[in-house]
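Inspection log for the structure reproduced underneath, given as structure tokens.
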Amino acid sequence: MKRKVVTCEECGGECCKKLAFHIQPRFTKEDFEDLKWYLYHEGVIVYIDNEGDWMVQAPIKCSKLDKNGRCTIYDKRPPICRKSKIEECEMNTNEMVVVFRTPEELDKFMREKKII
Ligand code: SF4
Ligand code: SF4
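Under numbering that gives the first Met the number 0, the sequence shown has 41 at position 42, and the numbering climbs by one with no breaks.
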């Protein structure tokens, strides 16, 4: 049976409530120390997505999202917002394959990968 796609109306704009950006760690100890610094900040997570990309995500809401979960500049929204496809969004896919929520989780990963 085909899985029901969650609509933006049902979701309330989850993807507009976070700031996420791509990073390219070189798997050096220094890079991982920088990643741990991200994780010292409340609510910040680091994850590896389903394409193998490393991402940092912070719980910061876009100022253009209204209290009903709607974009107030929809017709003029930035290109990055236009690229989002609902079938591929966080509500409708398991985008996060590996998630680090604490520096300790990242330390464990570093030890397992023999980076430290
Ligand atoms: S694209 Fe996905 S995460 Fe974003 S508002 Fe729509 S359903 Fe929610
Ligand atoms: S500009 Fe609109 S679509 Fe883009 S993140 Fe902000 S509220 Fe969401």
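Glycine included, C-beta positions come from ideal geometry on N, C-alpha and C.
As the structure is a computational prediction, the values presented were derived from the model and not from experiment.
Cβ neighbours of Glu-8 within its own chain (closer than 8 Å, five residues either side excluded): Gly-68. With a cut-off of 7 Å, the C-beta of Ser-62 is classified as distant from ligand 1, since no heavy atom of the ligand falls inside that distance. Apart from sequence neighbours up to five positions away, the residues of its chain that approach Leu-18 with a beta-carbon distance below 6 Å are Ala-57 and Ile-59, ordered along the chain. Here the alpha carbon of Val-96 sits roughly 15 Å from the alpha carbon of His-21. Taking non-hydrogen atoms of ligand 2 into account, the C-beta of Gly-12 is found less than 7 Å away from one of them. Val-98 is classed as exposed because its beta carbon has fewer than 16 other beta carbons within 10 Å across all chains shown.
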